[in-house]
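Undergrad: If you scroll down you'll find the structure; I have some questions about it.
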Amino acid sequence: MARNSLLDRFRPVGAPGPAGPAGVPAADDQGVAAELIPVFEALDATINDTRERTEAAADQAQHTVAAARRQAAALVEQARINSAAVRADAAARVSADAAQEDQRLLDEATEEAAALRSRGEARVPELASAIVADLVQDLLGRGTGTG
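Following our numbering, the numbering of the sequence shown begins with 1045 at its first residue and continues without gaps.
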C-alpha cells in the first residue's frame, strides 16, 4: 500500500480552529491486516534466507562436531599406543638405573672387602708375633713354676 493511500484513509476535516468533527479512519474493505501483507511479503525472502543459513550452519556444526569427535578418538588411540611405548621406555630406564646402582654398590662393596682383606693381611705378621710371644711366655712361665 502506497504512502498516500495510507494517509487517504483519514477523512479530511476542517482547518485548525475551534473543535470540529474528529478524523476517523475511512472504512477499509481489506482491513488493517491487508496493510501488513506487503511488509510480510518483503520479509519472506529474508526469513527464508535466514532459515537456509540456520540449516546450513546446523549442518556445518554437525560435520564439525563429527570431525572433532573422530580427531579426538584418533588422538586418544594414538595416546594409548604411545603410552605403551612410553611405559616400556620408562621401565627400561628404571631397570637400567637400578642395574647401574646395583653395579655401583657391588663395586663399593668389593673395594671395601679388598680394603678389609688388605688390612687384615697386613696385621697377620704382627698378630702372629704377638700370639707366638704369648705362647712362649706361657710355656716359659709354666716351665719355671713346675720344675
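All C-beta atoms, glycine included, are put in the ideal place defined by N, C-alpha and C. Only a predicted model underlies this, so the values are computations on that prediction, with no experimental measurement involved.
Rounded to whole angstroms, what's the CA-CA distance from L1179 to T1154? Just pull it up for me.
TA: As a position in the sequence shown, residue 1179 is number 135, starting the count at 1. As a position in the sequence shown, residue 1154 is number 110, starting the count at 1. Those two C-alpha atoms are separated by around 36 Å.
Undergrad: Alpha carbon to alpha carbon, how far is S1162 from D1151?
TA: Here residue 1162 refers to the residue found at position 118 when the sequence shown is read from its first residue. Here residue 1151 refers to the residue found at position 107 when the sequence shown is read from its first residue. Taking the straight line from one Cα to the other gives about 16 Å.
Undergrad: By DSSP, does G1075 sit in helix, in strand, or in coil?
TA: Here residue 1075 refers to the residue found at position 31 when the sequence shown is read from its first residue. Coil, per DSSP.
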